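Letter by letter, the sequence shown follows residues 179 to 721 in this note's numbering.
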Amino acid sequence: MATRKLRAFKNWMKSQHVECSDALDVVVTTNSSAVSVRALCDLNVGDLVATIPKESCLTVKTSGARQMIEESDLEGILALAVVIMYERSLGPLSPWFGYLQLLPYSEPIPLLWSLSQIDSLLAGTELHKMEESPLEPSMGQKDERQIVKDDKALIYEDWKECIEPLLTSVSLQLKAEHFGVTEYLAAKSLIASRSFEIDDYHGCGMVPLADLFNHKTGAEDVHFTSSYAELNNDADNENYGNDKTHSGGECLQRSDLESSHSELDDDAHRDKHGNDGNEPTKVNSRDESISGSYSEFSSVSEDDLTVLEMIMVNEVEAGAEVFNTYGSLGNAALLHRYGFAEPDNQYDIVNLDLELVLQWSSSRFSHRYSRRRLSLWRKLDYSGCVSQNSEYFEISFDGEPQVELLILLYIILLPEEVFAELDLAVSITSGFEKSKGFNLSKKDIVLFREGFESSNNMLLTDGVCVALSGLADIRESLYGSNLLEDDIKTLNCCCLVKEPKIYYSLVLRISERRILEKLRCYASAGAIMQTKGGKTRKRAKFE
């Protein structure tokens, strides 16, 4: 089955003038239908390995559903989802059938998981956040379970408002089984994980062949550009698509194409770029048998005279997989957006929410005590990272905490006398600026901005180091009773092909828990350094 689908796709590429170099081998894994692209010989920087005509891309402008979509005023991601559902509904009659039959029905992003799966598989991870903070209620945030519920509600609302009316249209004669909410979700998942922003005219679309290259963080092997080319319209040319060199004409323009991998919660009616007044010109249909829809409504603008090129930007040895990259993303973002995660992802981080820090502080001191220390930290113009009404501190892949967290812990643990004097000094200092700083002579506490990169060591008092270890323990408790070693054993026994959700959720959990392990090592090393340095340290540099 996999071999037959791949053969059909290659025949489809040839019919659509999509050129794939003989140096590339598109491989379908028999037991999983997973697709990858490998090098058959050594590839060098600058090698052109594929050209893809924009008219072969699946977009609103090229689809037979164009008139229906434009008359319904559908735009953006929602419109592209209708395009995918429409072309799938045609089956073998669709001009893109050879391409679509190679794609999975949907991608396993958490949006398509059940709520019970989210609770059991993502508990404790960056995709499954905690409850609202008792000290700062406004900083509470939604967990992935609630996000998925809200997203599904919005998607159903979009479907009800924009797609269901199409099914009631007698003139369109659409079959409900191809345009239901389930089909809409599946189409949205493909768009989220595979779509590209092509140009102003086409907007976002599906780019055959380009979307078969798997992602590898920080390891882009191929890059996509747009280039004017003289397309060979002779479909019977037996050498077409087999030339390893550039077969197009002079390159008049080359502009980077960034993979959009669009968010699922984009506004269904967001504005699209127009075609700057250039009226599209009609072109011949790919398939005259589909009620003339393609011959009448599939048209091109000047931009469509270009092809997309895939050019090597890294050397790849024969036999190795050729990768694209979706960007510098950690595993939480990869799993949320694309449905997979990578072991040892150097862009992984763990966030320690401010509410968790306040929870730790309130377990040792009173709520009033914690609020006063937090207030001083804010008076000194410090804050954590803020996203969607949530404030947090990042712990890097190497286990190093954000300096603002160290400063907050340092302030929380200041002796009451020192804290009172510092609080008073800040209160009476008009227009306090960290960059200028000031000195509390009796306690020799100096605040200044320059050189803060060396301040971490000075902030790592015994108390701060103990606090970091305690915070790591609290954060890790969110994963449940299983130990890290238990998760590693489960992952080693897990089959990626049969259980991708379990597999990738474990990759995410293990990666995050290893970062917390490194945070404990960071705290231990700071405590040892403090012991070796003695008790002479009196100054603390704040950012």
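C-beta: ideal position from N, C-alpha, C; glycine also. Note that this is a predicted model, so its numbers are computed, not measured.
First through last residue of the beta strand (DSSP E) which encompasses residue i
i      : result
Tyr528 : Per the sequence presented here, residue 528 reads as Val, with Tyr not at that position. From DSSP, the beta strand (DSSP E) with Val528 extends over 528-531.
Pro231 : 226-231
Phe571 : 568-573
Ser214 : 213-217
Ile489 : 484-490
Ile376 : 374-377
Cys563 : 563-565
Environment of residue i [buried if 16+ CB atoms lie within 10 Å]
i      : result
Ser619 : The predicted model places Ser619 with a pLDDT of 41, which falls under 50 and marks its position as unreliable; any figure quoted below should be read in that light. Exposed.
Lys232 : buried
Thr395 : buried
Met707 : exposed
Gln580 : buried
Leu507 : buried
Asp640 : exposed
Ser349 : exposed
Ser548 : buried
Ser440 : Annotation note: pLDDT 39 at Ser440 (below 50); position unreliable, no value reported.
Ser168 : A question about residue 168 goes unanswered here, because the residues of the chain that appear run from 179 up to 721.
Cys340 : buried
Asn670 : exposed
Val564 : exposed
Pairwise C-alpha distance: residue j and residue i
i      : j      : result
Cys673 : Ser568 : 35 Å
Cys699 : Asp531 : 20 Å
Leu554 : Ile589 : 8 Å
Tyr334 : Ser367 : 14 Å
Leu299 : Leu684 : 8 Å
Ala645 : Arg551 : 15 Å
Ile489 : Asn502 : 11 Å
Ile573 : Leu697 : 8 Å
Ser272 : Tyr516 : 26 Å
His451 : Met636 : Below a pLDDT of 50, predicted positions are generally treated as unreliable, and His451, at 37, falls in that range; the measurement from the model is reported next regardless. Rounded to whole angstroms, His451 to Met636 spans 53 Å at the Cα level.
Ile247 : Val675 : 37 Å
Asn222 : Phe391 : 17 Å
Ser347 : Gln324 : 34 Å
Glu304 : Asp399 : 29 Å
Glu310 : Glu533 : With a pLDDT of 36 at Glu310, under the threshold of 50, the modelled position of this residue cannot be trusted; read the value that follows with caution. Roughly 8 Å separates the two Cα atoms.
Val261 : His306 : 33 Å
Gly704 : Met191 : 59 Å
Leu649 : Tyr504 : 32 Å
Ile693 : Asn529 : 10 Å
Ser193 : Ala498 : 28 Å
Lys188 : Leu290 : 30 Å
Glu197 : Tyr525 : 34 Å
Ala186 : Pro282 : 15 Å
Tyr657 : Ala301 : 6 Å
Gln537 : Leu591 : 14 Å
Phe575 : Arg691 : 11 Å
Asp336 : Gln279 : 26 Å
Pro288 : Glu375 : 23 Å
Ser655 : Asp203 : 46 Å
Of the listed residues the options, nearest to residue i (C-alpha basis)
i      : options                        : result
Asn509 : Asp522, Thr503, Asn502, Ala498 : Asp522
Ser199 : Glu487, Phe275, Glu361         : Glu487
Ile527 : Tyr379, Lys192, Leu512         : Leu512
Gly577 : Ser647, His545, Arg556         : Ser647
Glu285 : Gly302, Ser241, Ser211, Phe357 : Ser211
Cys235 : Glu253, Gly269, His195         : His195
Asp329 : Ser659, His514, Tyr682, Asn209 : His514
Val227 : Glu265, Leu661, Asn492         : Asn492
Arg157 : Trp337, Tyr570, Lys679, Leu592 : Lying before the first or after the last residue shown, residue 157 is absent from the chain, which here runs from 179 to 721.
Ala359 : Ala397, Ala259, Glu375, Leu280 : Contrary to the premise, residue 359 reads as Val rather than Ala in this sequence. It is Ala259 whose Cα lies nearest to the Cα of Val359.
Val206 : Cys219, Asp225, Arg182, Asp220 : Arg182
Gly562 : Arg546, Gly242, Val535         : Val535
Tyr560 : Val326, Leu583, Ala397, Asp220 : Leu583
Inter-residue CB distance, residue i and residue j (contact presumed, cutoff 8 Å)
i      : j      : result
Val500 : Ala217 : 6 Å
Leu344 : Leu352 : 6 Å
Ile369 : Ile255 : 6 Å
Ser371 : Met384 : About 11 Å; that fails the 8 Å criterion.
Ser267 : His356 : 4 Å
Ala519 : Leu686 : 5 Å
Gly381 : Val485 : Incorrect: roughly 17 Å between the Cβ atoms, too far for contact.
Val642 : Leu600 : So it is not a contact: roughly 16 Å between Cβ atoms.
Tyr264 : Pro386 : In fact, because the Cβ distance is near 17 Å, the residues do not count as touching under 8 Å.
Element boundaries [alpha helix (DSSP H), containing residue i]
i      : result
Met384 : No alpha helix (DSSP H) contains Met384, which DSSP labels as neither H nor E.
Val261 : 254-268
Ile652 : 640-655
Leu600 : 594-606
Asp665 : 662-671
Leu202 : Here Leu202 belongs to no alpha helix (DSSP H); instead the beta strand (DSSP E) covers 202-206.
Asp297 : 293-299
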